[in-house]
Amino acid sequence: MLCRMPDALSIVVVETDRDRAFMIVDGLRDAGEFDIQVISEPSGLARQIQMRDPDVVLIDIANPSRDVLEELTLASGPKDRPVAMFVDRSEDGMTAAAVEAGVSAYVVDGLQAARLKPVLDAAIARFRLFQRMRTELAETKRALEERKVIDRAKGMVMKARGIGEDEAYALLRKAAMDQNKRVAEVAQALVTAAGLLA
Amino acid sequence: MSATRIPAGYVPLTDAAPLIAAQEMGFAAEERLSLELHRAPSWSSLRDMLAFGQVDAAQMLAPVPVAAALGVGGASAPFSVLSVLSVNGTVIGVSSSLARRLADAGHNFSFNDAASAGKALIAAAGPGLRIGVPFPFSMHMELLHYWLQGLAADRGRGISIRTVPPPLMSDAIKSGEIDAFCVGEPWGSIAVENGAGALLLPGRAIWSFAPEKVLAVRSTWAEAEPGLTGRLIRALWRAGRWLADPASRGLAAEILSARRYLDLPAEIIERALSGKFTVTPQGLQREVSGFIGFHDGAAGFPWRSQAQWVALQLAERTGLDRHRALELAGPVFRSDLYRSALAGTGADLPGASSKLEGATGVSLLAAGESEAVRLLPNRFFDGRVFDPMAAD
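So the protein lines, in turn, are chains F and S.
Using full-length UniProt numbering, the first residue of the first sequence is number 1, and each one after it goes up by one.
Using full-length UniProt numbering, the first residue of the second sequence is number 1, and each one after it goes up by one.
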């Protein structure tokens, strides 16, 4: 590697999603000069990381393969560099921020916190972004599904009562208000009940 | 009066039942608590969620709080164990090809004899047996070490134990990444159901009264919230009593199978609760009494000697000082808080907080705080006895 600085931190990012991996790497590149590698295939993760021998490992907290990394916290030989989760050594609440953002960092023993700060800052920022995107996506999906159910319920009310769309929606809204429920919940109950009776 | 909300974490396993039942069946509400349940994707993330206050209580592998006290692993805050949520409840299984070799060698899959099953396994596997466990700090790990080191004269040479998250265990054995596993239910039965492997032993065949999952909180939280701590202990004790009633099994399995909890078929979840197992993809049936315990035999009582047994195994594996390990581990299991929370409720409260582990093959009466307490058989497969007073 021609351009690798001799003292650049080496970072391994464990991420199976290609786009997310790119985004994390970009975020880290903006934050400083690092030697970054991505592991996208989680099988044999502990072995892969031992082979690459990085200073820092970044992984999504929600990744079930994260438990595999716990093996690395026990040095199994005299030449091993035991890793610890970064949370052990932080002072400024940054680790709580990392856990909250959904990123966990494993670092080799003896690495100075100051060298790690820009890495973690960048990672936390990217993971927060993912969290927002994930929430937005889930919300959009839910809203879409609710819209579909409400439309079906509306259609059923229109047909059963021979009324117009606006009137049918008003009926659903009134039922929801009376029962202290959301329109989507009333619509869902109606669709489910109709399915059972059909 | 409105209920106090307590965020609590669990990992989707059959033995998450006490926390889930406490909330769903109203035992939390009886204590004016509302458990806000968070499903965690892995043990390390649940541990961190607890350490950093995203949850205030968690279902935890019994060795995790002990490891934290000993300073091994990526732990980050001192934990207190308020009670034992479940005793036993794990299974050991093998790949289909290994099961075939065992059968060819005459093993009968009796599902109850750890010594003969272990010897058969070592002989059939040949060199380089790879076994999957969910977490490096787990009873799975400790039981496997105890079992195989006790059997293999060469102290388990060639046997490697690696971490595989429970939901991935079935795939790992199918793809040949591992030859055997030890995992909490229902993931062993799922492997059988997928035709990936066969079950060899229940964990209780190695130690018949092993603390499996515990109720853990941050020690600072227990200190700051003595009232909530007591209410939590009582709610979980009632949930355990309900789960121990055979009449509750069907409903408990149904609740656990819900999408927001385990999201797996109730029929498979119920196998662990009833102790009726299908051990091979061909349908061989085996029954285990006491496969998992939530209540009987003072199951919830956090014995200091249980923490110390775990500490001693960890010390041996990591080269820590034995004496120091025993000293640090005992107080992690808060038998004092358990006693004061349940005093006067009619719960079984033993007179002592420490006992000989592995000393009895039969159920017996022990001295209790007010009346005698019935303890269940507590035996290691090799008949050894752990005496915490004599261990250092």
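All residues carry an ideal CB built from backbone N, CA and C; glycine is no exception.
Small disclaimer: the values here were computed from a predicted structure and weren't measured.
The three-state secondary structure of Tyr-261 (chain S), taken from DSSP, is coil.
Taking a cut-off of 8 Å for Cβ pairs, the region 12 to 30 of chain S and the region 237 to 251 of chain S touch, as three or more such pairs fall below it. The Cβ of Ile-49 (chain F) sits no closer than 7 Å to any Cβ of chain S. Comparing C-alpha distances from Ser-289 (chain S) to each of S:Met-25, S:Leu-320, S:Asn-112, S:Leu-168 shows the shortest one belongs to S:Asn-112.
Judged by beta-carbon spacing, Ile-92 (chain S) lies within the 7 Å limit of Leu-201 (chain S), meaning their Cβ atoms are closer than that value. Under the 8 Å Cβ criterion, the region 339 to 355 of chain S does not count as touching the region 96 to 108 of chain S, having fewer than three qualifying pairs. The alpha-carbon separation between Gly-293 (chain S) and Gly-32 (chain F) amounts to approximately 54 Å.
By the neighbour-count criterion, in which 16 or more other beta carbons inside 10 Å mark a residue as buried, Asn-108 (chain S) falls on the exposed side. Arg-271 (chain S) places its beta carbon less than 7 Å from that of Ser-189 (chain S). Chain-order list of chain F residues neighbouring Ser-42 (chain S): Pro-64, Arg-66, Asp-67, by C-beta distance under 7 Å. For Val-66 (chain S), the CB contacts under 7 Å within the same chain, skipping 5 residues up- and downstream, are Ala-307, Val-310, Ala-311, Leu-314, Ala-329, Val-332 in chain order. Between Ala-96 (chain F) and chain S, the shortest Cβ-Cβ separation is below 7 Å.
Among the CB atoms of chain F, one or more fall inside 7 Å of the CB of Ser-45 (chain S). For the region 164 to 178 of chain S, residues whose beta-carbon sits nearer than 7 Å to a beta-carbon of chain F comprise Pro-165, Pro-167, Leu-168, Glu-177. Leaving aside the five residues that flank Gly-102 (chain F) on each side, the residues in its chain whose CB is nearer than 7 Å to its CB run, in chain order, Asp-60, Ile-61, Ala-62, Phe-127, Gln-131. Judged by their CB atoms, Ser-353 (chain S) and Glu-212 (chain S) are not nearer to each other than the 7 Å cut-off. Per the C-alpha coordinates, the member of S:Leu-215, S:Ser-95, S:Leu-349, S:Gly-351 positioned closest to Ala-172 (chain S) is S:Ser-95. Take Asp-382 (chain S), set aside five residues on each side of it, and the residues of its chain with a beta-carbon closer than 6 Å to its own are Gly-150, in chain order.
The alpha-carbon of Pro-7 (chain S) is positioned some 13 Å away from that of Trp-221 (chain S). A distance below 7 Å separates the beta carbons of Val-55 (chain S) and Gly-9 (chain S). Contact check for Ser-363 (chain S) and Arg-379 (chain S): beta-carbon distance about 11 Å, past the 8 Å limit, so the pair fails to qualify. When secondary structure is reduced to three states using DSSP, Phe-277 (chain S) falls in the strand class. In the DSSP assignment, Gly-164 (chain F) falls outside any beta strand (DSSP E), carrying neither H nor E.
In its chain, beyond the 5 residues on either side, Gly-240, Arg-241, Ala-244 have a beta carbon closer than 6 Å to the beta carbon of His-295 (chain S). Within the region 357 to 380 of chain S, no residue places its CB atom closer than 8 Å to a CB of chain F. By the CB criterion at 7 Å, Gly-275 (chain S) and Asn-88 (chain S) fall outside the cutoff. Of the candidates S:Phe-79, S:Arg-234, S:Ala-58, S:Thr-14, S:Thr-14 places its Cα closest to the Cα of Ala-253 (chain S).
For Ser-43 (chain F), the residues of chain S that pass the 7 Å Cβ criterion are Glu-177, in the order they occur in the chain.
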